[in-house]
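A short write-up of the structure that comes next.
Protein chains in written order, with our numbering: chain V, 1 to 550; chain H, 551 to 691.
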């Protein structure tokens with residue numbers, strides 16, 4: 001439906017004759033990504049019955065992946081957790097479940113993320129600091145002690161070694177009597193964004209991509225309820241990208257995985273329904289909501305028109321969101337409760353399927369129990385008290401939100417074209433394109449803060465002198481030795497010869513084109529450690545060193 | 551009397567350990583370069599040994615250790631000790647990252663000149679390094 005000529009004249013007239021009578025404050029009227037915002041949006045900016053907006057649960061899913069949205073089912077409240085050894089983290093898992101969270105999310109420590117065992121010299125000082133230390137199946141068993149894996153979905157944030165952790169999880173469930181095909185959950189696996197932003201790698205890009213495709217293929221056959229990849233923008237954004245870059249690079253990574261799986265010979269409708277996404281929920285409220293809506297519309301269109309998907313489930317983008325860690329301040333930490341609330345609300349109004357809310361003390365450390373409880377309560381208050389769950393896509397039809405959604409979409413396609421010109425995402429990464437874009441955006445934003453063009457309360461304005469330091473979680477240094485002892489015990493108990501055979505078999509398979517999941521599972525079953533399996537594969541694949549730009 | 555040398559201040563910006571958070575380190579590296587200093591960014595996943603070697607090889611006036619993994623109380627003392635072992639005691643050592651307030655006094659006792667925590671202004675960091683490195687220039691003339 002065309003906008004009536006009368007409406008056009010009216011908006012222009014208002015701008016020229018009414019708005020211009022008042023002065024503007026001396027401030028930036030753009031999003032935190034630098035996207036300019038107009039003083040007013042009107043019917044001129046959008047056609048409310050545009051089929052590009054559509055209906056929730058129907059192509060192009062702009063208004064949500066499901067018809068009923070939160071009337072049918074609330075988002076999963078899924079707090080990222082992990083520190084110390086599996087004993088401490090299992091305790092935190094139980095605490096969170098007891099306080100009403102509805103899904104698990106596992107944070108692993110730096111050595112585990114980078115493929116090092118806890119007794120490796122590079123693990124010194126790092127064990128259990130940023131997440132939980134997991135070296136073998138023995139650890140994984142205790143991580144989920146008292147938690148029936150058939151009754152909960154679990155997310156695991158791990159990428160280069162993802163196949164190994166998935167093997168551990170499947171085996172723990174098997175020991176609990178639960179077959180793999182019944183398991184629901186997600187493993188992050190998104191290696192492209194590692195080279196771009198999170199920077200946790202074990203292998204060069206091509207063998208790493210092979211492993212991703214192996215997992216997509218294997219899960220499509222053996223674990224129909226499982227999400228083998230969580231195509232992520234969170235980390236890209238935390239590294240300093242704009243919202244537009246987060247959207248574009250994430251979707252382009254996703255398309256790249258789709259292409260590789262199709263090249264492998266998989267039917268897109270056999271794996272696409274279980275591709276999932278993970279976005280940042282940052283502080284610029286409307287930009288985030290527009291970002292999620294644009295993401296759904298772009299994914300739906302490309303899956304149908306470019307990749308030939310026939311099933312609606314293949315076109316339907318579903319995502320987890322985490323409130324922006326980088327927005328938290330060490331100064332006046334209680335202000336972070338406000339930030340997290342706004343960010344969580346944006347994610348909900350944007351239609352997220354799963355949500356982690358940061359704790360107020362997380363600018364400097366992992367969260368204490370008290371702080372993470374407040375973060376969980378934030379979600380529960382939004383869900384039960386605010387009323388925003390009563391209808392799908394409450395902001396749909398808003399002139400501002402629809403216009404911003406359109407503009408986010410256009411910006412994304414601009415980036416797709418540039419990446420295609422470079423030869424696709426893998427080649428773009430080799431040439432440092434997304435990395436440089438991110439570094440430039442991060443620097444621009446920091447200059448804006450330094451020059452006070454943008455304000456962060458408590459940091460460059462509304463500063464409070466003489467604050468008392470907030471009590472924060474301290475990781476007991478003794479836990480590192482405790483984990484090393486656990487690892488030695490595992491090695492002492494296991495059948496060393498069986499491990500050797502399993503690792504040799506893994507190495508053999510790695511040098512072929514076979515799917516590596518079966519040999520990884522067998523090695524895991526024999527109690528080969530994560531580090532041992534990674535080394536076996538590195539002997540075939542090699543390692544990776546970046547050539548950084550700044 | 552100090553000679554009016556045109557030698558730029560040389561700063562190594564380093565990422566010790568397994569920590570992959572490089573947003574801040576890259577911003578500081580660029581800001582220092584824009585401020586006219588010679589910047590050597592080590593990239594990620596540096597061992598303390600690699601960092602000490604880079605500082606010495608590059609004849610650095612200052613080294614900024616960026617660390618957000620919680621492993622700072624192991625890795626920073628190790629870098630400081632290695633520099634001392636090699637007889638390098640005039641390099642300005644600064645630390646940036648997610649460093650709890652409680653850890654700062656101990657780091658400073660070890661010889662870290664300053665710790666820049668979240669919210670620190672870029673210009674303050676640049677000024678501190680320029681002043682600290684210049685002081686060392688004076689002391690060696």
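From the three backbone atoms N, C-alpha and C, an ideal C-beta is built for every residue, glycine too.
Inset, instruction - Keeping to the same chain, check which residues put their C-beta closer than 7 angstroms to that of residue 523 of chain V; ignore five residues upstream and five downstream. - result: If you ignore the 5 residues before and after residue 523 of chain V, its C-beta comes within less than 7 angstroms of the C-beta of 502, 503, 506, 533, all in its own chain and listed in chain order.
Legend entry - Where residue 228 of chain V falls, given that 16 or more other Cβ within 10 Å makes a residue buried: Buried.
Legend entry - Those residues which DSSP pairs with residue 107 of chain V across a bridge: The partner list for residue 107 of chain V (beta bridge, DSSP) reads V:157.
Legend entry - Segments assigned alpha helix (DSSP H), at least 4 residues, entirely inside the region 380-423 of chain V: Taking only runs of at least 4 residues, the alpha helix (DSSP H) segments lying wholly in the region 380-423 of chain V are 399-422.
Inset, instruction - Could you check what DSSP says for residue 461 of chain V in three-state terms: helix, strand or coil? - result: Of the three classes helix, strand and coil, the one that applies to residue 461 of chain V here is strand, per DSSP.
Legend entry - Proximity to residue 347 of chain V [Cα-Cα], best of V:285, V:326, V:40, V:529: Ranking V:285, V:326, V:40, V:529 by Cα distance to residue 347 of chain V puts V:285 first.
Inset, instruction - Give a yes or no on whether 8 angstroms exceeds the smallest Cβ distance from residue 1 of chain V to chain H. - result: Its pLDDT being 46, under 50, residue 1 of chain V is placed unreliably in this model, and the coordinates cannot settle the point.
Legend entry - residue 68 of chain V versus residue 54 of chain V - alpha carbon distance: The alpha-carbon atoms of residue 68 of chain V and residue 54 of chain V are separated by roughly 14 angstroms.
Legend entry - Distance between residue 167 of chain V and residue 272 of chain V (C-alpha atoms, nearest Å): Take the alpha-carbon of residue 272 of chain V and the one of residue 167 of chain V: they are about 21 angstroms apart.
Legend entry - Own chain partners of residue 70 of chain V with C-beta closer than 6 angstroms, once the 5 adjacent residues on each side are dropped: Taken in chain order, the residues that qualify are 389.
Legend entry - Cα-Cα separation between residue 534 of chain H and residue 596 of chain H, rounded to whole angstroms: Absent from the model: residue 534 of chain H. The displayed extent of chain H is 551 to 691, so no value can be given.
Inset, instruction - Consult DSSP for residue 444 of chain V and reduce its assignment to one of helix, strand or coil. - result: Looking at residue 444 of chain V - three-state DSSP - the assignment turns out to be helix.
Inset, instruction - For residue 550 of chain V, go through chain H and note every residue whose CB falls closer than 7 angstroms to its CB, in chain order. - result: When 7 angstroms is used as the limit between beta carbons, residue 550 of chain V is near these residues of chain H: 576, 579, 580, 591, in chain order.
Legend entry - Limits of the unbroken beta strand (DSSP E) element including residue 356 of chain V: Its beta strand (DSSP E) spans residues 354-356.
Legend entry - Reduced DSSP secondary structure (H/G/I, E/B, other) of residue 280 of chain V: Collapsing the DSSP output to three states places residue 280 of chain V in a strand.
Legend entry - Cβ neighbours of residue 213 of chain V in the same chain (closer than 6 angstroms, five flanking residues each side left out): Listed in chain order, the non-local C-beta contacts of residue 213 of chain V below 6 angstroms within the same chain comprise 260, 261, 264, local neighbours out to five positions each way being set aside.
Legend entry - CB contact below 8 angstroms: residue 655 of chain H versus chain V: With 8 angstroms as the cut-off, residue 655 of chain H does not count as an interface residue toward chain V.
Inset, instruction - For residue 256 of chain V, name the three-state secondary structure that DSSP assigns. - result: Look at residue 256 of chain V here: in three-state DSSP terms it is helix.
Inset, instruction - Below 6 angstroms CB to CB, which residues in the same chain sit around residue 45 of chain V once its five sequence neighbours on both sides are set aside? - result: So the qualifying residues of the chain are 399, 403.
Inset, instruction - Give a yes or no on whether the C-beta atoms belonging to residue 632 of chain H and residue 612 of chain H are separated by under 8 angstroms. - result: Cβ atoms of residue 632 of chain H and residue 612 of chain H: not closer than 8 angstroms.
Inset, instruction - Compute the Euclidean distance between the alpha carbons of residue 476 of chain V and residue 363 of chain V, then round it to the nearest angstrom. - result: Taken atom to atom, the span from the alpha-carbon of residue 476 of chain V to that of residue 363 of chain V is near 19 angstroms.
Inset, instruction - Mind the definition here: the region 456-470 of chain V touches the region 341-357 of chain V only if three or more C-beta pairs lie below 8 angstroms; say whether that holds. - result: Cβ pair count under 8 angstroms is below three, so no.
Inset, instruction - Could you name the residues of the region 124-144 of chain V whose beta carbon sits closer than 8 angstroms to any beta carbon of chain H, in the order they occur along the chain? - result: Those residues of the region 124-144 of chain V that come within reach of chain H (Cβ to Cβ, closer than 8 angstroms) are 124, 125, 126, 129, 130.
Legend entry - Cβ-Cβ separation, residue 256 of chain V to residue 192 of chain V (assumed contact under 8 angstroms), whole Å: Confirmed, about 6 angstroms.
Inset, instruction - Take every Cβ of the region 583-599 of chain H, pair it with every Cβ of the region 665-683 of chain H, and state whether three or more of those distances are shorter than 8 angstroms. - result: Yes: at least three Cβ pairs fall under 8 angstroms.
Inset, instruction - Determine which residues of the region 440-453 of chain V have a Cβ less than 7 angstroms from any Cβ of chain H, and write them out in chain order. - result: Within the region 440-453 of chain V, the residues whose Cβ lies closer than 7 angstroms to some Cβ of chain H are 442, 443, 446, 450, listed in chain order.
Legend entry - Beta-bridge pairing of residue 614 of chain H - partner residues as DSSP gives them: DSSP output for residue 614 of chain H lists H:563, H:644 as bridge partner(s).
Inset, instruction - Kindly indicate which three-state DSSP category residue 691 of chain H falls into: helix, strand or coil? - result: Because residue 691 of chain H carries a pLDDT of 48, less than 50, the predicted location of this residue cannot be relied on, and the following value inherits that uncertainty. Coil, per DSSP.
Inset, instruction - Express the C-alpha separation of residue 576 of chain H and residue 361 of chain V in angstroms, rounding to a whole number. - result: When rounded, the separation of the alpha-carbon atoms in residue 361 of chain V and residue 576 of chain H is 25 angstroms.
Inset, instruction - Compute the distance between the beta-carbons of residue 277 of chain V and residue 237 of chain V, then report whether it is under 8 angstroms. - result: No, Cβ-Cβ distance for residue 277 of chain V and residue 237 of chain V is not below 8 angstroms.
Inset, instruction - Could you check if residue 626 of chain H is buried or exposed, using at least 16 other CB atoms within 10 Å of its CB as the buried criterion? - result: Counting other Cβ atoms within 10 Å of its Cβ, residue 626 of chain H reaches 16 or more and is therefore classed as buried.
Legend entry - Coil, strand or helix - residue 591 of chain H by DSSP: Per DSSP, reduced to three states, the secondary structure at residue 591 of chain H is strand.
Legend entry - Exposure of residue 421 of chain V, with buried meaning 16 or more beta-carbon neighbours within 10 Å: Burial check for residue 421 of chain V: the Cβ neighbour count within 10 Å stays below 16, so the residue is exposed.
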